[in-house]
Structure formats: C-alpha cells, structure tokens
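Below is one structure, written out as structure tokens; comments come after it.
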Ligand code: ATP
Ligand code: MG
Ligand code: MG
Ligand code: MG
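Residue numbers (this note's numbering): -5 to 468.
Structure representation (structure tokens):
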C-alpha cells in the first residue's frame, strides 16, 4: 500500500525532477501576514514573491505545506466528522511558478503526475475551468484528451482566485475524482455538488491578472507581464484514492490514530463513537502541530482558537467515557507517525503532552457538570428549536464551554442557540465587570484578571473567558 509518507515523497520527487526547488513547509503561524489566523495554503509563504514585493529566490518551487483551516476565511472545523474530505489540519502539496512557466506546463505536470506517476484512471477524473477561460478548456482537451462534458465551466468565485481586493488574481482549474455512483453527490457545478462522490483533489490557480486602484480610486484589472502558477493538492484526499478508500479517515495515518483512541478508551468506532474518534484524531493533529509551532492555549487570538479546538476534542473524549485525560496519551502515536516528516513535532513532544494534560485536567473540572446542564436544558427540545441564550452563556461563563462548543454539541440534534440572547447576556456580564473593575482600582490588567478569576471560584479560567474571549478571534 502506498503510505501517506510515500505519496508526499513521490510528489516532491516528481517536481524536483521537473526543475523545482523543494522548499520546507513554513510554520503554521504566518510571519508575513498579521491578518491571517493560520497558514491555510501552500502559497502563503510565497506571497511577497507573487505580489512582486520581493524578488523570488528561485523561479519554481514545490512544497508540502502544513495547513490549518479552523477559523477566519477558510473554516473547516464544522465539517470535521461530517464530510469524508475535511480536516482542520492537513498537508497541501503544491508546485509554484514565479513568473516562470504558466498554464500549459502546469496542466501538463498535473496530468502527468496523477495519471502516470500515481496511475489514476482517466475515466474517473474530471476538471473544472473558469467559464471564460477558453485557453484552459482547450489545454485540458489537448493535453488530457478529456471529453467536453468532463471539462466543466464554472462561473462562480470557486474558480476565480484573488489574493484580496487588490493584488494578483486569476482563474482556477480544479481536478476532481469520481468515487462512484453509490456515494451521494453531484458533479461540480450541480445543485448537489457538496456531496462526497466527486472529491476535489487539486486546485490549479493561474495568476494572470493584477487588480490595482487607479488614479480615480477605481479598481482595475490588468494583465500581469509574467503570470504565475500556484497549486494545492490535498495529501490526505490523494492518499484516500491511492489506498482504495473513499473517506480520508480510512487512510493509514487516520486508522492508526483512531486505533490508538479506540485502544485507550476501549470503545469501538461505531455510530456516535465513530464520529467522536474521528474528531479526536483530527483535532489531535491540529492542536499538536499548532503547539509545535509555538501556539499556546489562551483566551485570545490564535491561542483561543487552539483552546476551542482542544475542548471540542476533550468533550468527545468525555462522551466516549474517558475517565482521565486522554489527548496527551495519543501524542506518542502521532509523533511516531508524523515526527519523521516534521521534526518540530518530535522536538515539542514533551511540551505538547504537558499542555494537553494540563488543559484537559482543567476542563474536566467543569466538563461533566456542563454536559449534564446541557442535557437537562435540551431535554424537551426538538430539531428546529432553540436553546435559550442564557443557558448557553452560563455554560460559557461558568463551565468553560466556548459558544461554538455548545453549538457543535447541539448540531447533531438540529438545535441552535439563541444567539441574540447569548450576546445580551455577554454584554450584561461585561458591563458588570466594568462596574466591578472599580474594586480593583489601581491594579494592573493581569491583577484584575486574576482577581476576577479568583472571585469566580474553582472554574478558574472562566474569569478570563468573559473578559477577553470571542472578541479577540482573528
Ligand atoms: P473543498 O471545496 O473540498 O472544501 P477547497 O476548494 O476549499 O476544497 P482549496 O482551497 O482549493 O480547497 O485547497 C486546495 C486543496 O487542498 C483542495 O483541492 C483539497 O485537496 C485540499 N483541501 C482543502 N481543504 C481541505 C481540508 N479541510 N482538509 C483536507 N484537505 C483539504
Ligand atoms: Mg473548502
Ligand atoms: Mg472547492
Ligand atoms: Mg478549491
């Protein structure tokens, strides 16, 4: 069986052979973009080369980039466990041309890699192009010999990429694999395209334009003199295909992680427990990699996103009946699987385990009671009903349940949280805190937090939560 690690090497070797410089993954915390929560695509580390702000060190590159999509513009947190293809952490394989080769060569490389190197059957592949991109349409016909009905023209932004309001942009072309008629879902562009039958494996972005603000303040689109290429292929999705699986969670790596979770909890991965094991395995990866790159759980910004992901996993460990902290005990399995490719994981292992354990010990002080409260509060509720926002706020404020955790817990039942009521309770609390602030007059901010935390009793961190959390999420 071709392992995840084999596929990663095959990809990089292929592009090495085609004159690309193999660059390491950048850390998950972007060092060139304070507005971006986490690195969510391979191109991020090369942004300044694409915009022309810096001149590239080499004309073409290939990487396997660590990506996290759990907040901000791309947020796949709510897809985990529900689709066969989304993770919060995944590896994006990519080849890049910085004003070097363009469309024809990008399509040639992609087609050669997937059909010759990976040996994917041509009849299971289909592609999309931006509706006006006749050049790409004709190239797919010529290079891949695909029939017209398997080169689908898409008119939405799904097939037009832009870095922002201004900057480089251009049409994209995506490659899909058909996993077979017994899986629900339609081809790209159809009303039921969100199903998991046709899975997008590779996105090729053709940066051929630039949007600029002209003298009159209007945004204009000009042709780039030297167009560029940015591509992103999902390693786990590719592994699923090459291992004869439909579902990413059935690939070698995930089976090992889920196996460890099954062993430690003694709960078989069926029904609701299957879902829980998947969430745990997924979140184990994103949290561990984030910690390896220096993010620590906290109540603001990136650290709060990390804490929220952790708590979601910990709630599932609790649902599986874990009597003691679980997450830190799964770290050795993850390190054994991925520490070879990502040494930072090995280096940070002891710290990751310690932080996981500390967080889980802390959250477990209130998790059981919070879960019981949630159960009582939703007892008479049906799908379509709303949980009152005051209860959601109490869960947040007293039991350390971030709002998204409560929402996530209720989603399977089709129950939503009354957000307006939650927000109102939050504002009241903040007003109250401001008023109480007088008590701590003269104290530094840290001291105020500490005092509020102490005043709120053994639930410790909740004092922090209501003062800073949620507002600070990037
Ligand atoms: P989808 O439409 O399936 O959500 P996407 O269009 O958002 O994917 P891109 O932004 O084009 O994805 O990213 C490039 C590639 O990275 C995708 O073609 C896919 O193979 C992979 N990918 C994207 N998001 C995820 C994820 N959450 N988990 C695993 N792989 C992903
Ligand atoms: Mg997506
Ligand atoms: Mg897509
Ligand atoms: Mg895409």
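Even glycine gets a Cβ: it sits at the ideal position worked out from N, Cα and C.
In this text, all values refer to a predicted model and were calculated from it rather than measured experimentally.
Determine the direct distance from the alpha carbon of residue 229 to that of residue -1, and round the result to whole angstroms.
-> 9 Å
Which full runs of the beta strand (DSSP E) of 3+ residues lie inside the region 36 to 119, going along the chain?
-> Within the region 36 to 119, the complete beta strand (DSSP E) runs of at least 3 residues are 54 to 62, 83 to 91.
Just the Cα atoms here: how many angstroms apart are residue 247 and residue 274?
-> 13 Å
Coil, strand or helix - residue 380 by DSSP = strand
Any heavy atom of ligand 1 within a distance shorter than 7 Å of the CB on residue 153?
-> no
Output the residues surrounding ligand 4, defined as those with a CB atom closer than 6 Å to any ligand heavy atom, in chain order.
-> 168, 194, 197
Can you give me the start and stop residues for the beta strand (DSSP E) that residue 225 sits inside?
-> 213 to 228
Per-residue burial, residue 16 [other beta carbons within 10 Å of its own, 16 or more giving buried] = exposed
Buried versus exposed, by CB contacts within 10 Å (16 or more), residue 347 = With 16 or more other Cβ atoms from the protein chains shown falling within 10 Å of its own Cβ, residue 347 counts as buried.
Return the CA-CA distance between residue -4 and residue 336, expressed in angstroms with no decimal places.
-> 19 Å
Which residues in the same chain have their Cβ closer than 7 Å to the Cβ of residue 22, if we skip the five residues on either side of it in sequence?
-> Cβ within range, chain order: 32, 33, 60, 62, 283, 284, 287.
Residue 78 Cβ short of 7 Å to ligand 1 heavy atom set = no
Can you tell me the Cα-Cα spacing of residue 121 and residue 241, whole angstroms?
-> About 20 Å.
Hey, how far is the Cα of residue 327 from the Cα of residue 83?
-> 16 Å
Give the DSSP bridge partners of residue 332, in chain order.
-> Bridge partners of residue 332: none, in fact.
Could you tell me the distance, in whole angstroms, from the CA atom of residue 212 to the CA atom of residue 127?
-> 24 Å
What runs of the beta strand (DSSP E), each 3 residues or longer, lie entirely inside the region 402 to 436?
-> none
Beta-carbon contacts of residue 36 that lie in its chain and below 6 Å, excluding the five residues immediately before and after | 57, 59, 86, 88, 226
Can you tell me whether DSSP reads residue 31 as helix, strand or coil?
-> coil
Simplified DSSP state of residue 349, which is helix, strand or coil | helix
Quick check: the region 380 to 387 against the region 409 to 419, are there 3 or more CB pairs under 8 Å?
-> Result yes; three or more Cβ-Cβ pairs closer than 8 Å.
If you compare alpha carbons, which of 373, 184, 162, 214 is closest to residue 223?
-> 162
Beta-carbon proximity of residue 314 to residue 261, cut-off 8 Å = Cβ distance < 8 Å, so residue 314 and residue 261 count as in contact.
Beta carbon of residue 205, beta carbon of residue 159: below 8 Å?
-> yes
Report yes if the C-beta of residue 186 is less than 7 Å from at least one heavy atom of ligand 1; otherwise report no.
-> no
At least three beta-carbon pairs within less than 8 Å, the region 165 to 183 to the region 127 to 137 | Result yes; three or more Cβ-Cβ pairs closer than 8 Å.
Taking the CB atoms as reference points, tell me whether residue 371 and residue 360 lie closer together than 8 Å.
-> Between residue 371 and residue 360, the CB-CB gap reaches or exceeds 8 Å.
Sequence-distant residues of the same chain with beta carbon closer than 8 Å to residue 49, five excluded per side = Hits under 8 Å: 43.
Beta carbon of residue 70: closer than 7 Å to some heavy atom of ligand 1?
-> yes
Can the beta-carbon of residue 68 be found less than 8 Å from the beta-carbon of residue 74?
-> no
Indicate the three-state DSSP secondary structure (helix, strand or coil) for residue 320 in the structure shown.
-> coil
Sequence-distant residues of its chain with Cβ nearer than 7 Å to residue 105 (five each side left out) | 137, 138
Around the Cβ of residue 221, are there at least 16 other Cβ atoms within 10 angstroms (buried) or fewer (exposed)?
-> buried
Under 8 Å between C-beta atoms of residue 52 and residue 119 = no
Which same chain residues, not among the five before or five after residue 233, have their C-beta less than 6 Å away from its C-beta?
-> -2, 1, 245
Spatially closest choice to residue 393 from 276, 362, 296, by CA coordinates | 362
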